[in-house]
Amino acid sequence: MPPDARPAIARQATLSRADRVYYTLRDEIFDMHLLPGDRLTEGAIAERFAVSRTPAREALQRLQSDGLMQGYVRGGWEVVPIDNKRFDDLYEMRQMIETFAVRKLCDAQTPPDALHPLLDALDRIWKVGRARRITDGRKLVELDEALHHALVAAAGNDELTSAMQRVTDRIRVVRRLDLVHGDGIAETYDEHAAILDAIRRGDGAIGVELVSRHIGGSQASVSGLTLQRLLGARTGTGREAVAHAPARPRRTI
Numbered sequence: 001m002p003p004d005a006r007p008a009i010a011r012q013a014t015l016s017r018a019d020r021v022y023y024t025l026r027d028e029i030f031d032m033h034l035l036p037g038d039r040l041t042e043g044a045i046a047e048r049f050a051v052s053r054t055p056a057r058e059a060l061q062r063l064q065s066d067g068l069m070q071g072y073v074r075g076g077w078e079v080v081p082i083d084n085k086r087f088d089d090l091y092e093m094r095q096m097i098e099t100f101a102v103r104k105l106c107d108a109q110t111p112p113d114a115l116h117p118l119l120d121a122l123d124r125i126w127k128v129g130r131a132r133r134i135t136d137g138r139k140l141v142e143l144d145e146a147l148h149h150a151l152v153a154a155a156g157n158d159e160l161t162s163a164m165q166r167v168t169d170r171i172r173v174v175r176r177l178d179l180v181h182g183d184g185i186a187e188t189y190d191e192h193a194a195i196l197d198a199i200r201r202g203d204g205a206i207g208v209e210l211v212s213r214h215i216g217g218s219q220a221s222v223s224g225l226t227l228q229r230l231l232g233a234r235t236g237t238g239r240e241a242v243a244h245a246p247a248r249p250r251r252t253i
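In the UniProt record's numbering, the protein residues as written are 1 to 253.
Okay, structure coming up:
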């Protein structure tokens, strides 16, 4: 499980004030309560969480380091606007990392006694009948991320694993859109099963081809992403946007 994917209840018991603000805002970005272009102020955040501006600023700066927020003058902040070039770059980086990992796993550079139990565990999640498939968007995204992260981690390069986590955090919202619309769920299960089979056989050529096609399909499905599509997805959840700051003009995207 990625290090920041701890259950919210477990986190709350040990969080500092800055951590509490950080995790709450980060989850709201991932859940599309906060959308690209939404603007916040340090003062409004501090008031909402009943903290001083210092922990509010620390949380926002941490979100900026994650590539999720960007700061302006006088305590103004904005959820990073939609930038399709940025998403394309991130997907390209993701493909480089994952194809390297799959090739390494297929080349028997990972001991079978370590790799096969991992594949067995992933098979139990992804090689199931349609009636047992997860349809909840958030849960499916978590499982999807866990599979890709686990395969990269199994390749044994800690720096690539860390880079993979950073890429994952930056594309989480668009990955969710990919998985919960159209045939994304069925395709994800089928493609994951095929990738796992190729790795188990040690078929590097097929494994790399499958993971490249899998990532490319996800990238294509979110190409040309618009704010209107994100707003539609948020509306579809039946949730209201959370009011965090006085109304300010939304940046044109």
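In this text, a Cβ means the ideal position worked out from N, Cα and C, and glycines have one as well.
Considering only the beta carbon of each residue, do L105 and A59 sit closer than 9 Å? no
Cβ-based neighbour list, V128, same chain, cut-off 8 Å, excluding 5 preceding and 5 following: Y189
Neighbourhood of R62 by C-beta, 7 Å cutoff - its chain only, sequence neighbours within 5 removed: The residues Y22, in chain order, have a CB closer than 7 Å to that of R62 in the same chain once the five nearest residues on each side in sequence are set aside.
Please name the residue, chosen from G204, I195, R172, R86, that lies closest to G137 on a Cα-to-Cα basis. R172
Quickly, what does DSSP pair S41 with across the bridge? List them, please. The sequence given here places Thr at residue 41; Ser does not occur at that position. Partner(s): G76.
Do D144 and G67 come within 9 Å of each other at the CB atom, strictly closer than that value? no
Going by DSSP in three states, M32 sits in which element: helix, strand or coil? coil
Ordered along the chain, which non-local residues of its own chain (more than five positions away) have a Cβ less than 6 Å from that of I206? A198
Would you say V79 and D31 are within 9 Å of each other, going by their C-beta atoms? The answer is no: Cβ separation not under 9 Å.
Whole angstroms are fine: how far does the CA of R175 sit from the CA of S218? Distance from the CA atom of S218 to the CA atom of R175, rounded to whole angstroms, is 7 Å.
Which residues in the same chain as V102 place their Cβ atom closer than 6 Å to its Cβ, once the five residues preceding and following it in sequence are excluded? Cβ neighbours of V102 beyond the five flanking positions: G207, V208, V211.
What ranges does the alpha helix (DSSP H) occupy inside the region 126-156, keeping only unbroken runs of at least 4 residues that lie completely in it? 137-154
What span of residues does the beta strand (DSSP E) with G67 cover, start to end? Premise fails: G67 is in no beta strand (DSSP E) and is neither H nor E.
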